[in-house]
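Working notes, beginning with the structure itself.
There are 2 protein chains.
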Amino acid sequence: MGVNGYGTIGKRVADAVDAQPDMEVIGVAKTQPNFEAHTAVKRGYPMYAAIPERMPLFSEAGIDVEGAVDEMVADADIVVDCTPSGIGAENKALYESHDTPAIFQGGEDADVGEVSFNARANYDDARGVDYVRTVSCNTTGLSRIIAPLREEYGVEKVRATLVRRGGDPGQNSRGPINDILPNPISIPSHHGPDVNTIFPDLAIDTLGLKVPATLMHVHSLNVTLEDDVTAAHVRQLLESESRVYVIPEGLGIDGAGKLKDFALDAGRPRGDLWENCVWGESIAVEGRDLYLFQAIHQESDVIPENVDAIRAMTESVDQAESMVTTDDYLGVGITGDPSGFSNEDEAEAVTETEIADD
Amino acid sequence: MGVNGYGTIGKRVADAVDAQPDMEVIGVAKTQPNFEAHTAVKRGYPMYAAIPERMPLFSEAGIDVEGAVDEMVADADIVVDCTPSGIGAENKALYESHDTPAIFQGGEDADVGEVSFNARANYDDARGVDYVRTVSCNTTGLSRIIAPLREEYGVEKVRATLVRRGGDPGQNSRGPINDILPNPISIPSHHGPDVNTIFPDLAIDTLGLKVPATLMHVHSLNVTLEDDVTAAHVRQLLESESRVYVIPEGLGIDGAGKLKDFALDAGRPRGDLWENCVWGESIAVEGRDLYLFQAIHQESDVIPENVDAIRAMTESVDQAESMVTTDDYLGVGITGDPSGFSNEDEAEAVTETEIADD
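Here the protein sequences come in this chain order: A and B.
The numbering of the first sequence is UniProt numbering, which starts it at 1 and goes up by one.
The numbering of the second sequence is UniProt numbering, which starts it at 1 and goes up by one.
Structure (structure tokens):
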């Protein structure tokens, strides 16, 4: 497997694939020899130049380059494209020219792939498909909640307000500062139609905003269900989902900052939260209207989905086996216990290795 | 009229009352001689000490004090209590002991008054009543939208996500910084029940959050209507409301920051936006579901409501005459025209007076 674009998503995909028993990272491609390139070298990933003319820059920076990106594409069984939005679509011709199947990220338009993908909702749709798009962080977060609700109760309509972080922690030229921006101002936002790439017949209206925060998105979610249910029953249902963490009352986790502290304390790589983080206390039912708040870690929630997309496309194993394998080897899953990170020991082991490497 | 508590709300109420042709500010009471006390002196409002023992502090600061707050309460026909949440309820005994009617703010529990008040929705409920509570900034903002929608189309259910500013610009010890907090985490928030003090039979569920911004709240609003309507019809309806400003497309107003710039450019006192600011572009209808975004200036939207409450309680004029008088003399109302502030000339006059005073 090759990773084209080794930034926020790419570096996480490479590590997640590297952790799987049935996959190998044959290389990563970057446009420039920045700090992330040095990280890739330390982790032992062969480096390819995404822009061949820039190879000397890598050498000057002390980074050995294996070759140009098209060599990596030619050698790979599959490429995960993690380049910025819009570049993925431009790269598609390269993958096609080498008959190399590819996974694109959710920033691309839906038609870049034959299928838009969420492991929980439509794994089988990607079986044997050559070009797949894993949906965005927000769409992934919505799909993981909607899928079990639809199966268990039926969904009449979804209304979601997405209170989005203005930029990632490293994106220091983005805003807003001290403002609350309807974004887009027009309603509905594009997120609803994106969810419809996963659930074509779902009635969903979404509203987007951007605020001065960097850590996670927060969704204010309303789902009108077809059945009469209790909040307790919904909570139990969501607690049974491996990629949903229902935050227990009493832990003092009141926002994204404490969620990240919690993940970092547990030794999670980069403090990642691959799971939807749903506040248990927020789950409420009024009539057939279900409400909840969930936080979505925009840098990492799509990572397990990319790993599963590889298995679906290569038809190696079925949905259940792929998801369990991904979760086990990556360390996805948090129990209600505050020390319940399933990956705690492994994460510590990774940290020790890294320190030894340093 | 006396104002007890001359802070964010009190200083605005005093100026708004002072601008009315049928009202007079007989005094304002403060706990300490801070910068706002000096402003009150400059504006010519007699100063009373809210805590009598502190009178010497005012003298030391060069501020003449007329007396203690109970003298002001005894002399006033009506007191507007603008003290911090919870203090108003403690002050009620003082007002009762002098048989002085009083208006409380929305931070108090509903039972502090016999009636909770919004001029547009239930003016007549406060006629001749001695203790009235004007509802909070958020409840005021919701009531102004719900009232015309109920009258025109009927409302089946309201679902609102309130993305609230963490604190006012001067409240520099408040947060969050770089976080998006569900607040309260439990759903529904207290805002829905507060709206029910205005519309007792309304079905409404509200969800609250706090974000790192100080300028205005932003509401993501969904109203399921009883009639089938078009977005254009709703827009026309809201444009006809004097205390709702439908932001036209094309002005480049994309958030609270530009709204405040717009108000300051127009010479609005303190850059206040007394009106709900609804993005015209956001008004959308899907089936019978209406959606819109509105920004609410938490420091000022309740000001005209306090003025109208005085007239309702004293039974001087009817709802329509009171609201028109308040709006005319305060300068409430923005037309679609970018230079359409109705108070532009008056605001400039105020500014000039202040500069001459300084």
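Glycine included, C-beta positions come from ideal geometry on N, C-alpha and C.
Residue i versus residue j - alpha carbon distance
i                      : j      : result
A/D18                  : A/A309 : 15 Å
A/D77                  : A/E305 : 18 Å
A/V285                 : A/T230 : 6 Å
B/A40                  : A/K157 : 53 Å
A/G267                 : A/K210 : 29 Å
A/I303                 : A/L290 : 28 Å
B/S258                 : B/R12  : Residue 258 of chain B is actually Lys in this sequence, not Ser. The alpha-carbon atoms of B/K258 and B/R12 are separated by roughly 22 Å.
A/K42                  : A/I51  : 21 Å
B/L225                 : B/R235 : 14 Å
A/F104                 : B/L149 : 44 Å
B/N122                 : B/R133 : 12 Å
A/E114                 : A/L273 : 28 Å
A/S173                 : A/L215 : 15 Å
A/V223                 : A/Q171 : 33 Å
residue 359 of chain A : A/E71  : It is not possible to answer for residue 359 of chain A, since the shown part of chain A is limited to 1 through 358.
B/I87                  : B/T31  : 12 Å
B/V332                 : B/A29  : 26 Å
B/D22                  : B/Q319 : 15 Å
B/N183                 : B/T161 : 11 Å
Helix, strand or coil at residue i according to DSSP, with G and I counted as helix
i                      : result
A/E321                 : helix
A/H217                 : strand
A/T134                 : strand
residue 367 of chain B : Any property of residue 367 of chain B remains undetermined from this structure, which presents chain B solely from 1 to 358.
A/N4                   : strand
B/A50                  : coil
A/F199                 : coil
A/G88                  : helix
B/E24                  : coil
B/I253                 : coil
B/T206                 : strand
B/L273                 : coil
A/R12                  : helix
B/P182                 : strand
B/G67                  : strand
A/V112                 : helix
Burial state of residue i, where buried means 16 or more other Cβ atoms lie within 10 Å
i                      : result
B/D111                 : exposed
A/S85                  : exposed
A/L264                 : exposed
residue 382 of chain A : The question about residue 382 of chain A has no answer, for chain A in this structure spans 1 to 358.
B/P169                 : exposed
A/A93                  : exposed
A/Q20                  : buried
B/T335                 : exposed
A/G2                   : buried
A/G208                 : buried
B/Q294                 : buried
A/S97                  : exposed
A/A232                 : exposed
A/A349                 : Unreliable positioning characterises A/A349 in this predicted model, as indicated by a pLDDT of 41, which lies under 50. A coordinate reading is not provided.
A/D261                 : exposed
B/G141                 : buried
B/N34                  : exposed
Residue i vs residue j beta-carbon contact at 7 Å
i      : j      : result
A/E281 : A/E249 : yes
B/G166 : B/P176 : yes
B/G128 : B/E299 : no
B/N4   : B/D81  : yes
B/H217 : B/R164 : yes
A/D327 : A/S189 : no
B/C137 : B/D301 : yes
B/V244 : B/L238 : yes
A/L181 : B/G106 : no
B/P46  : B/G62  : no
B/D205 : B/R270 : no
A/Y95  : A/V69  : no
B/Y6   : B/E36  : yes
B/Y48  : B/E66  : yes
Proximity test, Cβ basis, 7 Å: residue i and chain D
i      : result
B/L202 : No chain D appears in this structure, whose protein chains are A and B.
At a Cβ cut of 7 Å, what residues of the segment 218-244 of chain A count as close to chain B, listed as they run along the chain?
V218, S220 and N222
Listed from N- to C-terminal order along the chain, which residues in the segment 122-155 of chain A have their beta-carbon within a distance smaller than 9 Å of any beta-carbon of chain B?
none
According to a CB-to-CB cut-off of less than 7 Å, which residues of the segment 261-291 of chain B neighbour chain A?
W279, E281, S282, A284, E286, D289 and Y291
Could you list the residues in the segment 171-193 of chain A with a C-beta less than 9 Å from some C-beta on chain B, going in chain order?
P176, I177, N178, D179, I180, L181, P182, N183, P184, I185, S186, I187 and P188
Which residues, in order along the segment 204-215 of chain A, keep a beta-carbon less than 7 Å from a beta-carbon of chain B?
D205, L207, L209, V211, P212, A213, T214 and L215
Output needed in chain order: residues of the segment 43-71 of chain A with a Cβ under 7 Å from some Cβ in chain B.
none
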